[in-house]
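Read through the structure below, which is laid out as structure tokens, and then see the notes.
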Amino acid sequence: SIGSSQDRKGPVFTIEPPNRVEFSNTTGAVIPCAAEGVPPPTIRWAHALDGSYISDIPGLRHVRPDGSLMFPPFRAEDQRPDVHTTDYRCLASNSVGAIGSRDVKVKGGESNII
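Here you go:
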């Protein structure tokens, strides 16, 4: 029957983010993360340090509908250590279960520093 518990499947990463991402403020970065499951899992990003979910910060940090974490190009004076030099984790969850990626070390800054 449709919707029986046998049909349900906990999330599995189809794309797991790399453990290190470095980028310059002129290019920005997109960190991919995708998972599948039944029902389709929700992708969220969290701070690796305390596990709290991140929020979008206009112009600096954005979680896209496909689950990837995007850092748009930014001016050097807009660099924020808590956004651009910190560790993140990708989390995928549905009604069956939840999984977390390895920590992703992010380092973004002025192109002449990297």
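Residues in the sequence shown are numbered consecutively from 1, following the UniProt record's numbering.
We put the beta carbon where it would ideally sit given N, CA and C, even for glycine.
Within the UniProt domain "Ig-like" (11-107), complete beta strand (DSSP E) segments of at least 3 residues are found at 20-24, 29-31, 34-38, 42-47, 69-71, 85-93, 98-100, given in chain order. A residue is called buried when at least 16 other Cβ atoms come within 10 angstroms of its Cβ; P18 does not meet this threshold and is exposed.
Straight through space, the alpha carbons of I54 and H47 are spaced by roughly 6 Å.
By the criterion of a C-beta distance shorter than 6 Å, R20 is surrounded in its chain by K105, once the five residues flanking it on both sides are discounted.
Excluding the 5 residues flanking it on each side, V30 has same chain C-beta neighbours closer than 8 Å at R64, S68, L69, M70, F71, in chain order. Around the Cβ of G51, a 10 Å sphere holds fewer than 16 other Cβ atoms; the residue is exposed. Looking only at G97, Q6, S111, C90, the smallest Cα-Cα distance to L49 is reached by C90. Of the other Cβ atoms in all chains shown, fewer than 16 fall within 10 Å of the Cβ of I57; this residue is therefore exposed.
Excluding its 5 nearest sequence neighbours in each direction, P32 has C-beta neighbours in its own chain below 7 Å: I15, P17, S68, listed in chain order.
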